[in-house]
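If you read the sequence shown in full-length UniProt numbering, its first letter stands for residue 1, the second for the next number, and so on. Heads up, the beta-carbon is just placed ideally off N, CA and C, and yes, glycines get one too.
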Amino acid sequence: MLHNFSLFKKLLFGFTVVIIFSQCKENEEHENGNELFEYNDNISTRWSSPENINGVQGAGGKENNAAKGHAFDSIATGATYKLLDIRDMGIINRMWVTINDRSPEMLRALKIEMFWDGADKPAVSVPFGDFFGIGLGQTTAFQNALFANAEGRSFNCFIEMPFKSGAKIQVVNESSKTLPLFFFDVDYSLLKEWDDDYMYFHAYWHRDTETKLAQDFEILPQIEGKGRFLGTNISVAANRAYRKSWFGEGEVKIYLDNDKDYPTLNGTGTEDYIGTGWGQGKFINNYSGCTVADDTLLQWAFYRYHIPDPVFFKTGCRVAMQQIGGDATDSVAAYQKEGAQLIPVSTSESQFHSFYKKDSVVQLATSPYKGWTNFYRSDDVSAVAYFYLDKPTNNLNAIQPLSIRTTELRHK
1 MLHNFSLFKK
11 LLFGFTVVII
21 FSQCKENEEH
31 ENGNELFEYN
41 DNISTRWSSP
51 ENINGVQGAG
61 GKENNAAKGH
71 AFDSIATGAT
81 YKLLDIRDMG
91 IINRMWVTIN
101 DRSPEMLRAL
111 KIEMFWDGAD
121 KPAVSVPFGD
131 FFGIGLGQTT
141 AFQNALFANA
151 EGRSFNCFIE
161 MPFKSGAKIQ
171 VVNESSKTLP
181 LFFFDVDYSL
191 LKEWDDDYMY
201 FHAYWHRDTE
211 TKLAQDFEIL
221 PQIEGKGRFL
231 GTNISVAANR
241 AYRKSWFGEG
251 EVKIYLDNDK
261 DYPTLNGTGT
271 EDYIGTGWGQ
281 GKFINNYSGC
291 TVADDTLLQW
301 AFYRYHIPDP
311 VFFKTGCRVA
321 MQQIGGDATD
331 SVAAYQKEGA
341 QLIPVSTSES
351 QFHSFYKKDS
361 VVQLATSPYK
371 GWTNFYRSDD
381 VSAVAYFYLD
391 KPTNNLNAIQ
401 PLSIRTTELR
411 HK
């Protein structure tokens, strides 16, 4: 179980205790000192589902003489379906959805949007599958601190999302066909009191099908305001021009507040960022993991959530990942000779030799150094950035069009 109301407060102050075990009796202490058995008069529980949209009190399950008359809906092509649309104060604790078309194309063609406090611009506008941690449209069973896909057929989100005067959650079907079966529930609490420390949840998705050489991929473009970077799901479809070389030498950089050319937070490599090393296989942990590691399709989907290691900012934040890979020197020289787009960065064996220059490219065929060579490369990269802000809207661009979201999806 996950005790969601306390989770947001714990996320905010940076000492979260997240327990996701299904077969035990938890005795987690609440942020305000209350135990699980103590009554909280600030909360009124509501569920929004097809059987009772918006969770109206005393109005659930009326259809078919209360005999399961409206368990799901369909979403026609081009239609917008509202899971929740209320004018009140509250906090969303959990979302669950299951659909019968879980193809990569549908998971990218559906988009989930969230609006807070009556805003016209969504704080969240992300492809449906990517939002729920399903990178590359490849559904797989997993469970972590923020998301779960119990048996590869459902979509669960445990991120807490407070709102002061209203909340709207909707799914838009931008595919060319009707989605026949859409089941869901949105579990939320109505609140009597608002805490000024509460922040609004946001999420941003972006894809670059051909990243630029020596240019970092922006997981989160520069945002303005006070808040917290909660974490990211990243997906990589590696460029076959580099064969089975390693894509993940790039360092993750987080620019905080007044950072300009150089970040305050700087990692050491892609697999290092998610808590592993020397390559990246499939693994699932609470705060980091890799749900897809496919050496045949050359695809990886992985995540890192900054829950035990909070990332706060006062005036702004930007998150980027270098596009650097690596392989044996002779192999990289062969890719270079074959015309693959790459810029050598360094070679290391017993010593480290750095030779990257912005105005010239080293030809590895004539390099005296042999060993492991890192190089700038171009891959197909996408990512969801999750963050909180002190305001219900952000300054980021709208979601990219369907053509970019669904092009060149690789299938098993």
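**Prompt:** So what's arginine 405 in DSSP terms, helix, strand or just coil?
**Reply:** Here residue 405 corresponds to residue number 405 of the sequence shown, with the count starting at 1. DSSP places arginine 405 in helix when its eight states are reduced to three.
How far does the alpha helix (DSSP H) with glutamate 251 in it reach, from first residue to last? On the sequence shown, position 251 is the one that residue 251 refers to. Segment: none, glutamate 251 is in no alpha helix (DSSP H) and carries neither H nor E.
Give the secondary structure of serine 331 by DSSP, where H, G and I count as helix, E and B as strand, and everything else as coil. Translated into the one-based positions of the sequence shown, residue 331 becomes position 331. In the structure shown, serine 331 sits in a helix (DSSP, three-state: H, G or I).
Quick one: measure Cβ to Cβ for asparagine 93 and tyrosine 242, integer angstroms, because I've assumed they're closer than 8 Å.
For the purposes of this step, residue 93 is identified with residue 93 of the sequence shown, where counting begins at 1. For the purposes of this step, residue 242 is identified with residue 242 of the sequence shown, where counting begins at 1. Contact between asparagine 93 and tyrosine 242 does not hold, since the beta-carbon distance rounds to 44 Å and is not under 8 Å.
- Can you list, in chain order, the stretches of the beta strand (DSSP E) that have 3 or more residues and sit fully within the stretch 232-298? Runs of the beta strand (DSSP E) inside the stretch 232-298: 252-256 and 288-294.
Between the alpha carbons of arginine 318 and glycine 60, how many angstroms are there, rounded? For this step, residue 318 is matched to residue 318 along the sequence shown. For this step, residue 60 is matched to residue 60 along the sequence shown. The alpha-carbon separation between arginine 318 and glycine 60 amounts to approximately 44 Å.
Segment limits, alpha helix (DSSP H) that includes arginine 108:
Along the sequence shown, one-based indexing puts residue 108 at 108. In this chain, the alpha helix (DSSP H) harbouring arginine 108 covers 104-109.
Backbone CA spacing between glutamine 138 and proline 368 [nearest angstrom]: Reading the sequence shown from its first residue, position 138 is the one you call residue 138. Reading the sequence shown from its first residue, position 368 is the one you call residue 368. Going from the Cα of glutamine 138 to the Cα of proline 368 covers about 43 Å.
Proximity below 7 Å, CB of leucine 146 to CB of tyrosine 305
Position 146 of the sequence shown, counting from 1, holds the residue named residue 146. Position 305 of the sequence shown, counting from 1, holds the residue named residue 305. Yes, they are a contact pair.
- Limits of the alpha helix (DSSP H) - the one that phenylalanine 131 falls within: On the sequence shown, residue 131 is found 131 positions in, with the first residue counted as 1. Start and end: 128-131.
- Does the distance from the C-beta atom of serine 49 to that of aspartate 185 stay below 7 Å? Locating residue 49 in the sequence shown gives position 49, counting from the first residue. Locating residue 185 in the sequence shown gives position 185, counting from the first residue. Cβ distance < 7 Å, so serine 49 and aspartate 185 count as in contact.
Output the boundary residues of the beta strand (DSSP E) element that contains glycine 93.
-> Position 93 of the sequence shown, counted from the first residue, corresponds to residue 93. One detail in the question is off: residue 93 reads as asparagine in this sequence, not glycine. Annotation for asparagine 93: the continuous beta strand (DSSP E) segment containing it runs 90-99.
message = Just verifying my parser: in three-state terms, what is the DSSP assignment at lysine 391?
response = The residue labelled residue 391 in the question sits at position 391 within the sequence shown. Looking at lysine 391 - three-state DSSP - the assignment turns out to be coil, as it is neither helix nor strand.
Could you give the distance in angstroms between the alpha-carbon of asparagine 54 and the alpha-carbon of lysine 212?
Along the sequence shown, read from residue 1 onward, the residue named residue 54 stands at position 54. Along the sequence shown, read from residue 1 onward, the residue named residue 212 stands at position 212. If you draw a straight line from the Cα of asparagine 54 to the Cα of lysine 212, it is about 45 Å long.
ask   = For aspartate 196 versus glycine 166, is the C-beta spacing smaller than 7 Å?
value = By one-based count along the sequence shown, residue 196 stands at place 196. By one-based count along the sequence shown, residue 166 stands at place 166. Against a cut-off of 7 Å, the Cβ pair of glycine 166 and aspartate 196 comes out as no contact.
Pop quiz: glycine 248 and threonine 270 are said to be a contact at Cβ under 8 Å. What is the actual Cβ separation, rounded to whole angstroms?
For the purposes of this step, residue 248 is taken as the residue at position 248 of the sequence shown. For the purposes of this step, residue 270 is taken as the residue at position 270 of the sequence shown. Indeed they touch by this definition, with Cβ atoms about 3 Å apart.
Quiz item: Can you pull the DSSP bridge partners for proline 162?
Solution: Reading the sequence shown from its first residue, position 162 is the one you call residue 162. Proline 162 is bridged by DSSP to Ile91.
Tell me which same chain residues have a C-beta within less than 8 Å of the C-beta of asparagine 64, skipping the five on either side of it? As a working mapping, residue 64 is identified with position 64 in the sequence shown. So the qualifying residues of the chain are His70.
Taking glutamate 224 as the reference, give the member of Ala214, Asp259 and Phe352 with the closest Cα.
-> Position 224 of the sequence shown, counted from the start, is the residue given in the question as residue 224. Per the Cα distances, Asp259.
Grab the span of the beta strand (DSSP E) containing histidine 206 for me, first residue to last.
Residue mapping note: residue 206 aligns to position 206 of the sequence shown, counting from 1. In this chain, the beta strand (DSSP E) harbouring histidine 206 covers 200-208.
Between Gly281, Pro310 and Pro308, which lies nearest to leucine 298 when the distance is taken from Cα to Cα?
Within the sequence shown, residue 298 is the residue found at index 298, counting from 1. Measuring from the Cα of leucine 298, the nearest candidate turns out to be Gly281.
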